[in-house]
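**Q** For the sequence shown, the numbering used here assigns the number 362 to the initial residue and increments by one for each residue that follows.
Heads up, the beta-carbon is just placed ideally off N, CA and C, and yes, glycines get one too.
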Amino acid sequence: MSNLMRKLLSGNEAVALAAKHAGCALGIGYPGTPSTEILENFSILGGSAEWAPNEKVAAEVALGAAFAGSSSLVTMKHVGFNVSQDLFFTASYSGVRGAMVAVVADDPGMASSQNEQDTRLLARAGGLPVLEPSDSQEAYDFTKLAFKLSRKFSIPFILRTTTRIAHSNTIVEYLDESQELPAADYHKDIASSVMVPGHAKPAHLKLRAKYAEMLAWNEKDGPNKTIPGDSRLGIISSGVAYMHAREAAPEAGFFKVGFSNPLPVGKIAEFAKNYDKCIVVEEGEPYMTELLRAAGIPNIAEREEVWRFDELNVDRVKAQLSGDTQYAPKIIKSKPPQLCQGCPHVFSFKPLVELGCIVAGDIGCYTLAAMKPISGMDMQICMGASIGMGIGLRKVLPEDKARKVVSVIGDSTFMHSGLTGLLEMVYNPPPTGHLVVVVDNSTTAMTGQQEHPGTGRKLDHTPAPHTVSIEEVAKAIGVKNVAVFNPVREAEAMKRYIEEKLAVNELTLVVSRQVCVLAAAARAKGK
Ligand SMILES: Cc1ncc(C[n+]2csc(CCOP(=O)(O)OP(=O)(O)O)c2C)c(N)n1
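1) For ligand 1, any of its heavy atoms closer than 7 Å to the Cβ of K417?
2) Would you check if the stretch 628-640 and the stretch 438-451 touch, i.e. whether three or more CB-CB distances between them fall below 8 Å?
3) Taking only runs of the alpha helix (DSSP H) that begin and end inside the stretch 606-641, which ones reach a length of at least 4 residues, in chain order?
4) Report the rounded CA-to-CA distance for G839 versus E867, giving the unit in angstroms.
5) With a threshold of 16 other CB atoms inside 10 Å of the CB of A882, please say whether the residue is buried or exposed.
6) In chain order, what residues of the same chain have a beta carbon less than 6 Å from the beta carbon of T587, not counting five sequence neighbours either side?
7) Measuring only from the beta carbon, is A689 closer than 7 Å to any heavy atom that is part of ligand 1?
8) On a CA-only basis, which of H560, T480, D550 is nearest F428? Give me that one, please.
9) Where do the N-terminal and C-terminal ends of the beta strand (DSSP E) with E715 fall, by residue?
10) Using beta-carbon positions only, say whether V843 and L870 come within less than 8 Å of one another.
11) Determine the closest residue to S778 out of D723, V787, V376, with distance taken between C-alpha atoms.
12) Per DSSP, F442 forms a beta bridge with which residues?
13) Go through its chain and collect everything with a Cβ distance to T774's Cβ below 7 Å, but skip five positions before and after it.
14) What's the call for L378, buried or exposed, on a 16-neighbour Cβ count within 10 Å?
15) With a threshold of 16 other CB atoms inside 10 Å of the CB of S363, please say whether the residue is buried or exposed.
16) Would you say C726 touches ligand 1, meaning its beta carbon is less than 7 Å from a heavy atom?
17) For V413, which of G815, A854, C718 has the nearest alpha-carbon?
18) Comparing alpha-carbon positions, which option in L506, L758, I532 lies nearest L348?
19) Comparing alpha-carbon positions, which option in M740, A606, L653, L682 lies nearest E665?
20) Should D502 go down as buried or exposed, given a rule of 16 or more other Cβ atoms within 10 Å for buried?
21) Whole angstroms are fine: how far does the CA of T808 sit from the CA of S873?
22) Could you tell me if the beta carbon of Y788 falls within a distance shorter than 7 Å of some heavy atom in ligand 1?
23) Taking I389 as the reference, which of E672, A426, L370 has the closest Cα?
24) Is P469 near ligand 1 - that is, is its Cβ less than 7 Å away from at least one heavy atom of it?
25) Got a sec? Which residues, its chain only, sit under 6 Å from V618 by beta carbon, not counting five neighbours each side?
26) Please specify which runs of the alpha helix (DSSP H), each continuous and at least 4 residues long, are wholly inside the stretch 711-765, giving them in chain order.
27) Look up E534 in the DSSP assignment and say whether it is helix, strand or coil.
28) Hey, would you say the C-beta of S474 is under 7 Å away from at least one heavy atom of ligand 1?
29) So the candidates are G595, I658, M366, G456; which of them puts its Cα closest to the Cα of E538?
30) Can you grab the Cα-Cα spacing for the pair A545 / A423, in whole Å?
31) For a quick check, are the C-beta atoms of E644 and V601 less than 8 Å apart?
32) Let me check understanding here. Comparing Cα to Cα, which of P625, E833, F449 lies closest to M649?
33) Following a CB-centred definition, is Y391 positioned closer than 7 Å to any heavy atom of ligand 1?
34) Mind checking H382: buried by the 16 CB within 10 Å criterion, or exposed?
35) Does the stretch 401-419 touch the stretch 556-563, meaning 3 or more C-beta pairs lie closer than 8 Å?
36) Closer than 7 Å: is that where the CB of D772 sits relative to any heavy atom of ligand 1?
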């Protein structure tokens, strides 16, 4: 007999626990706030958990496991979902034999992201079903449900969380029991798994038929609920927005959506008939608002543009319900983020600033070098873009300016998506050559010091079978000049080297290597 347990868990912890209980054979992902702790917790719970070099590779591995009948989990932040889209848009056609659940954590309000895209739209475009939990209990329940439904409908399921769901702690009740890991085996099924046009055409039709089946199931048995209320106002909501809305308007009637793609429009239309007016309260894009209005439900209010931006909270929801588009929350003055005292990135940027470089940058702690007082980064768009953007600048700028262009990328980001930029550099070098600086602090510092293929350790910090050397990779693919410096102890030599290489029409990669101060402290304590 298993015991009923009650625990205070974050959404991320709840997802990890549910994956363990659901018999998930493999959890894989790439770090990204607010999703990172899922795999770390899955590992602590004894699950098999890995960091992949990037989200696309993670999704590929998870798909392979699900092709073999296993249950797999892949985790990422919203922008990581973009990186893996090439796989997902066709994995919805092929489907899976086992179960595959992708947890994609959105960051409305951009607490630590470069944009605030809404995963529901992307998932819908790819024909992928989406579940949206509203608290940790649902994060637990919906993760288990996602594994079940993925197996039932033979398609990868998306669990969309947002910052508040991922990081807030609420009570979770669960039975402390794990399902057996499903046996993995391979059954040849070329027509379903080799997506050439002759197979993909029927697979596309199959996907749409599956979509209709999932919709029918969602309309009838889906994890959505109706709470009757005052007939003057019906609220349709999902995710954490539902919690805010319940608090903002406890007297209203509610349709809470748990399974948001395919959206149970028929059931919502029935609900809407009981109310004079219906307002959709949702965080992010007007995803449900537009679908419900397009379905011709007459009393669904249009959503004002202002609610597309930022996180919602109870006061903002109150403002939306009362039509107050001018409402602006009090700004609490906070200290802007800055690099730590003694951070090696400060030393890596010093020579670039002193040499007047135009820095095509990338994402990581080192992006903070764009802020005052360093102001040492000129552009940053998405992971891995620094090398390509630098090459583009070099190709069109007048020579004196082109010579100043440097690409700066972190070690984890280099592993994630810098390698292909380096291939472009050796394949189509700009006339003035190019110079890349890898700011290697030997960790993924930005998201909390995760390991990567260059650190020599696996997700649980045990030794990896191989440590990838950035300098050896660069040499192997044909970068002419490769040098490693310690930016603190060899500051002058590093500056001279960079100056010299900027003056010649050659390809250069500098590894500026000094371990992150926080990682060094943690390692000294044996953490
Ligand atoms: C596609 C994508 N995945 C994940 C992230 C989250 N993220 C931002 S930077 C970063 C890696 C930072 O590590 P590194 O390049 O080593 O720089 P550091 O923070 O250590 O200076 C990660 C995982 C993101 N912004 N985009």
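**A** Considering the structure as presented:
1) False, no ligand heavy atom lies under 7 Å from that Cβ.
2) No: the two stretches stay apart, fewer than three of their Cβ pairs being nearer than 8 Å.
3) Within the stretch 606-641, the complete alpha helix (DSSP H) runs of at least 4 residues are 626-633.
4) Whole-angstrom Cα-Cα distance: 11 Å.
5) By the 16-neighbour rule on beta-carbons within 10 angstroms, A882 is exposed.
6) These residues qualify, in order along the chain: F616, F632.
7) Not one heavy atom of ligand 1 sits closer than 7 Å to the Cβ of A689.
8) Of H560, T480, D550, the residue nearest in Cα terms is D550.
9) Unbroken run through E715 is the alpha helix (DSSP H), 705-715; no beta strand (DSSP E).
10) Their beta carbons are under 8 Å apart, which means V843 touches L870 by this criterion.
11) Closest option to S778, Cα to Cα, is D723.
12) DSSP output for F442 lists no bridge partner at all.
13) Residues of the same chain with a CB within less than 7 Å of the CB of T774, apart from the 5 flanking positions on each side, are D723, I724, G725, M744, G745 in chain order.
14) Per the 10 Å Cβ criterion, buried.
15) S363 should be labelled exposed.
16) At least one heavy atom of ligand 1 falls within 7 Å of the beta-carbon of C726.
17) Correcting the residue type first, residue 413 is Ala in the shown sequence and not Val. Taking only the C-alpha atoms, the option nearest A413 is G815.
18) Beyond the ends of the chain as shown, which are 362 and 888, falls residue 348; an answer cannot be given.
19) Comparing Cα-Cα distances from E665 to each of M740, A606, L653, L682, the minimum goes to L682.
20) When all chains shown are included, D502 counts as buried.
21) If you take the alpha carbons of S873 and T808, they lie about 20 Å apart.
22) Incorrect: Y788 has no Cβ contact closer than 7 Å to ligand 1.
23) It is A426 whose Cα lies nearest to the Cα of I389.
24) Answer for P469: no, Cβ out of range of ligand 1.
25) So the qualifying residues of the chain are N585, S599.
26) For the stretch 711-765, whole alpha helix (DSSP H) runs of length 4 or above, ordered along the chain, are 746-757, 760-763.
27) Note: E534 maps to strand in three-state DSSP.
28) Answer for S474: yes, Cβ within range of ligand 1.
29) In terms of Cα proximity to E538, the closest of G595, I658, M366, G456 is M366.
30) Each residue's alpha carbon lies about 13 Å from the other.
31) Yes, the Cβ-Cβ distance between E644 and V601 is below 8 Å.
32) Comparing Cα positions, the closest option is P625.
33) Y391 Cβ: within cutoff of ligand 1.
34) With a threshold of 16 other beta carbon atoms within 10 Å, H382 meets it and is buried.
35) With a cut-off of 8 Å, the stretch 401-419 and the stretch 556-563 do not count as touching, because too few Cβ pairs lie within range.
36) Ligand 1 approaches D772 closely enough that one of its heavy atoms is under 7 Å from the residue's Cβ.
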